[in-house]
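Inspection log for the structure reproduced underneath, given as structure tokens.
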Amino acid sequence: MSADRQEFESARGGVPLDEPEVAERGTPVVDHAESHAGEPVGERVKLYGDREEKAKPLNVLGTRQRKTDGLEKSTGRARYTDDMTLPGMLHAKILRSPHPHARIVSIDASAALALPGVHAVVTGAEMPIPFGIIVWTPDENALAVDKARYIGDAVAAVAAVDEDTANRAVELIQVEYEVLEAILDPFEAARRTDVQIHEAKKAGHNGNISKIVKLDFGEVERGLAESDVVIEGEYYFEGTTHVPIEPHCAIGMWEAGGAPGGRLTVWSSTQVPHYLHRELAKVLELDAAKVRVVQPHVGGGFGGKSEPFDLEFCVAKLAMKTGRPVKCLYTREEVFYAHRGRHPFHMKYRVGATADGKLKAVDAKTLLDGGAYSSFGLVTTYYSGQLLAAPYEIPAYRFDSTRVFTNKPACGPKRGHGSVQPRFAFEVTLDKLAQRLDIDPIELRRRNFMGSFRRTVNELRVTSNGFMECLDAVERASGWKERRGKLGYGRGLGVAGSCYISGTNYPIYPNRMPQSAVQLQVDRSGRVAVFSGASDIGQGSTSLVAYIVCEELGVPLDYVRVLPSDTDFTPVDLGAYSSRVTFMLGNACVDAARKLKAMVQEAVAEEWEIKPARVLLAGGRAMDGQDTGRSMTIVEAFNLAEAKFGTLGTVGSYNTPRDVHGEYRGGTIGASPAYSFTAHVAEVEVDAETGFVEVKSIWVAHDCGRALNPMIVEGQMEGSAYMGFAEALMEQHIFKDADHGRAGLHNAPSLLDYRIPTSLDTPELRSLIVESIDPEGPYGAKEAGEGPLHPSIPAIANAIYDAVGVRMDSLPFSPPRMWRALQDQAARQHEPERIAAD
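Residues in the sequence shown are numbered consecutively from 25, following my numbering.
Following this line, the structure appears as structure tokens:
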């Protein structure tokens, strides 16, 4: 019996995990959280089993706390990369390909170099080593070496005294291109072998194929054959992009005399300082010990800054060539071409079930449009199927996913990476199934609940699972039973559910080292410094470690200094992606803080001649838990510990448990130490004359384990639901084809044209926190940053059906698409009348 299985069974009082009781829920307790003003701000449902976390009192965590950097950001004192100016700094601009597919014959930069104020030009030939965020697919160059593969692909870069001069210099660079046929359609890319976007790795293979994943679990065809009803459907998810407020920006500085051979520092608005550090050393052929990456404040990322980009290599190389600092700031148009956003997905689903609504089998076939480069595509291809197998019990499951290259900007990870698209298709299919069987859609989902502390059909290990409480919460809050189907034509309610990872089991490059780490250092004044390599991109990871230190060491919040994201001083953290930060960084910080706490307790206990376990640290004091009249300040306690142990400092780290995945090829991808669960109900109003869809409200219930700061959790839930709502109704990251202008040109690379909701467009978002207290998470916490996005889109689609009886199986649900769907419905309804008349 595995260790995790023994642990789970012990936590359940010895009940075997494969007994029927496994699907039972814990005891839900509903709290109505109060704001500081006394007004109710939301509902929290706490779900406890018999685990000891229920009895643990918390002083700081679980309460509504300010963000430690909130004042800095709200007053404008926070410094982002573009706010930095270094002495003698030059400005860089990048020359980009005007062709979607072209061979680079020659580059002549002489006219640019002759322009007054220009200090250097760099081309791809000077940085020929390929890179890629996934080590098995390094197919990009800092600047194109042989071919440009999309309009906007970087070809050369200039460093000049100011941006205007750099822009003029870029225009003077002469590039001779051999224009090649471009492939923009993913079906064509999968079929064609005469035009190859990348060279095939093996003879007879198609170089346009990025990745193919085919996995079977159980007897799918038998399950479909034995089903009383089979729902088949085709779905299309349009590509979307991140639209962070802050464009990408980087500064490179080369110190030739700082170390033998020189030393490189790069400041960047990256989400992954550690991976950028690795790739800079690789591509520029530098000793990694002489490369430093610093992440200032980041003005949003959502996955769009979670890999290295051309500007970071360019500023580094140009700084090395000129001996002066070099800054590059993307224009908004460049951000759209940098992209790495949501893949367009073409999906075919077959779902079989019994007459009473129990799922029998799921068969999914998906074509992913990956754009010009691999990016995270290997992982995305697996995610398109691996993460669908919960929260429902699926006896048999098959997915066949193919990612192809096209001559468009590369797609990568956007909030909810790889699993938002299939969740849309599957949850709409479940709604169709419920309608066919005349079963309430929430009831259908309840009947298929997989339970907690189980393995999915594809062998992912699920720990705590509050999905049923999420369904209960949105059903109750939305008035589902009283209102669904009774709001009149044009108005309706829809439901959807999902699950998502809390950190990845597997790092992007193979190693056995910790995925996250923290170092603590204590000053004699009582100040505690936290050195954290984690990337705060707005989600609050800097605040998280401060809260944990306050909880464990009893120091006031303003005694904690968090020094994040500097590869010269902080331990390695792999970055802000895959909802890993709260879970992994949190566990690492708990580890470090409790080591330090034990030292302080031992020193104080020795002074008082009591057992260390009696020493409590809280409220800025150390006290005897059995005689609270005996106490000292936390500063005195720290000084006692320093006198006993020497300079006070500890380190803590976290790595994932090993036994959380199946032993098949790809089984580690999608495996996670724990999973969050979400349910949404959306209410919409459809104007049948214009096709305009207004989302009135979205009720968001999310199982985040323990909410370490309910205010931040609610913010993440609302931000996720907002982003899903935006993708459902507005967003389209699309490119012109040969019939509609210059093929491969972005259709709307500006915030004037790429539609995202304003505050006036946004529906009422109601956050309902479900706390399942997970045994793997720090204090029972799980993720809250990405999971709450997934159900928004299918819940809106299902609400549209409840409102007007029309299925929207392609995104976005824009007024023209909605209007055409309503017209098609009307035509179908009148068709029998016309035939009868004839």
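The C-beta atom is built at its ideal place from N, Cα and C for all residues, glycine as well.
Going by DSSP, what residues sit across from H814 in a beta bridge? Beta-bridge pairing links H814 to no other residue.
Assuming the contact rule is C-beta atoms closer than 8 Å, R364 and S744 should be a hit. Round their C-beta distance to whole Å, please. Contact between R364 and S744 does not hold, since the beta-carbon distance rounds to 19 Å and is not under 8 Å.
For a quick check, are the C-beta atoms of A206 and N489 less than 8 Å apart? It is not a contact, given that the beta carbons lie outside the stated cut-off.
Short Cβ contact (8 Å threshold) for C494 with V737: Not a contact, by the Cβ cut-off of 8 Å.
Go through its chain and collect everything with a Cβ distance to P154's Cβ below 7 Å, but skip five positions before and after it. Exclusion of the five residues before and after P154 leaves P162, D163, E164 and N165 as the residues of its chain whose Cβ lies within less than 7 Å of its Cβ.
For the region 180-195 and the region 110-130, state whether three or more C-beta atom pairs, one from each stretch, are separated by less than 8 Å. Between the region 180-195 and the region 110-130, the count of C-beta pairs closer than 8 Å reaches three or more; the two stretches touch.
In its own chain, which residues sit with a C-beta less than 7 Å from the C-beta of L196, not counting the 5 before and 5 after it? Correct list, in chain order: A135, A136 and L139.
Once you ignore the five residues that flank T378 on each side, which residues in its own chain have a CB closer than 6 Å to its CB? Exclusion of the five residues before and after T378 leaves D252 as the residues of its chain whose Cβ lies within less than 6 Å of its Cβ.
Please confirm whether T714 has its beta-carbon closer than 8 Å to some beta-carbon of chain B. Going by chain labels, chain B is absent from the structure shown, which holds only one protein chain.
Start-end ranges of the beta strand (DSSP E) lying completely within the region 761-804, minimum 3 residues: Given a length threshold of 3 residues, each whole run of the beta strand (DSSP E) inside the region 761-804 is given here in chain order: 788-795.
Collapsed DSSP secondary structure at W160 in the structure displayed: Three-state result, W160: coil.
DSSP puts K351 in a beta bridge; with which residues? Answer is H115 and I275.
Measuring CA to CA, which of P802, S293 and V481 is closest to E575? The shortest C-alpha separation from E575 is found at P802.
Nearest-angstrom beta carbon gap, V159 and I532 [assumed within contact, 8 Å]: Cβ-Cβ separation between I532 and V159: approximately 7 Å, consistent with a contact (criterion under 8 Å).
Applying the 10 Å Cβ sphere with the 16-neighbour rule, what's the burial state of I269? The residue is exposed, with fewer than 16 neighbouring Cβ atoms inside 10 Å.
Should I236 go down as buried or exposed, given a rule of 16 or more other Cβ atoms within 10 Å for buried? Flag for I236 reads exposed.
Spatial neighbours of E63 in its chain, beta-carbon cut-off 7 Å, leaving aside the 5 residues before and after: At E63, the pLDDT of 33 sits below 50, so the modelled position is not reliable; the number obtained from the coordinates is stated separately. Here the set comprises nothing.
Whose C-beta lies closer than 6 Å to the C-beta of Q563 among residues of the same chain, with five residues either side of it excluded? For Q563, same chain residues with a beta-carbon under 6 Å away, outside a window of 5 residues either side, are G809 in chain order.
D177 and M216 - do their beta-carbons sit closer together than 8 Å? Contrary to the premise, residue 216 reads as Arg rather than Met in this sequence. In this structure, R216 lies away from D177, with their beta-carbon atoms at least 8 Å apart.
According to DSSP, simplified to helix, strand and coil, what is M741? Note: M741 maps to helix in three-state DSSP.
As assigned by DSSP and simplified to three states, the class of G73: Low local confidence applies: a pLDDT of 46 at G73 is under 50, so the model's placement there is unreliable, and no value is given.
Take S408 as the anchor and find which of F448, G670 and S796 has the nearest alpha-carbon. The shortest C-alpha separation from S408 is found at F448.
Could you pull out every residue in the same chain whose Cβ sits closer than 8 Å to the Cβ of Y918, ignoring the five residues on either side in sequence? Nothing about residue 918 can be reported from this structure: the residues present for the chain run from 25 to 862 only.
On the premise that L672 lies in contact with V546, defined as a C-beta separation below 8 Å, what is that separation, rounded to the nearest angstrom? In this structure, V546 and L672 form a Cβ contact; the two beta carbons are roughly 4 Å apart against a cut-off of 8 Å.
Are the region 300-309 and the region 333-343 in contact at 8 Å, needing three or more beta carbon pairs? Contact check between the region 300-309 and the region 333-343: three or more CB pairs, one atom from each, fall below 8 Å, which counts as touching.
State the start and end residues of the unbroken beta strand (DSSP E) segment that holds R15. Within the shown structure, residues of the chain are numbered from 25 to 862, placing residue 15 beyond reach of any answer.
Residue range of the unbroken beta strand (DSSP E) whose run includes L517: Element bounds for L517: R515 to I525.
Extent of the continuous alpha helix (DSSP H) to which D18 belongs: Given a span of 25 to 862 for the chain in the structure shown, any question on residue 18 remains unanswerable.
Alpha-carbon spacing of P349 relative to V719, whole angstroms: Answer to the nearest angstrom: the Cα atoms are 48 Å apart.
Local conformation of A166 per DSSP, three classes: Collapsing the DSSP output to three states places A166 in coil.
Would a C-beta distance cut-off of 8 Å place E451 and P815 closer than the cut-off? For E451 and P815, yes; Cβs fall inside 8 Å.
Can you look up L561 in the DSSP assignment and give me helix, strand or coil? Leu is not the amino acid found at residue 561; the sequence shown has Ile there. Shown here, I561 sits in coil according to DSSP, grouped into three states, outside any helix or strand.
Kindly confirm or deny that the region 351-368 and the region 141-150 touch, where touching means at least three C-beta pairs closer than 8 Å. The region 351-368 makes no contact with the region 141-150; the number of CB pairs closer than 8 Å stays below 3.
Would the beta-carbon of A864 fall within 8 Å of that of G376? Since the first residue of the chain shown is 25 and the last is 862, residue 864 is not available in this structure.
Do you know offhand how far L288's Cα is from M277's? C-alpha separation (whole angstroms): 6 Å.
So the candidates are L753, L411, F333 and R88; which of them puts its Cα closest to the Cα of G521? Distances from the alpha-carbon of G521 to those of L753, L411, F333 and R88 put L411 closest.
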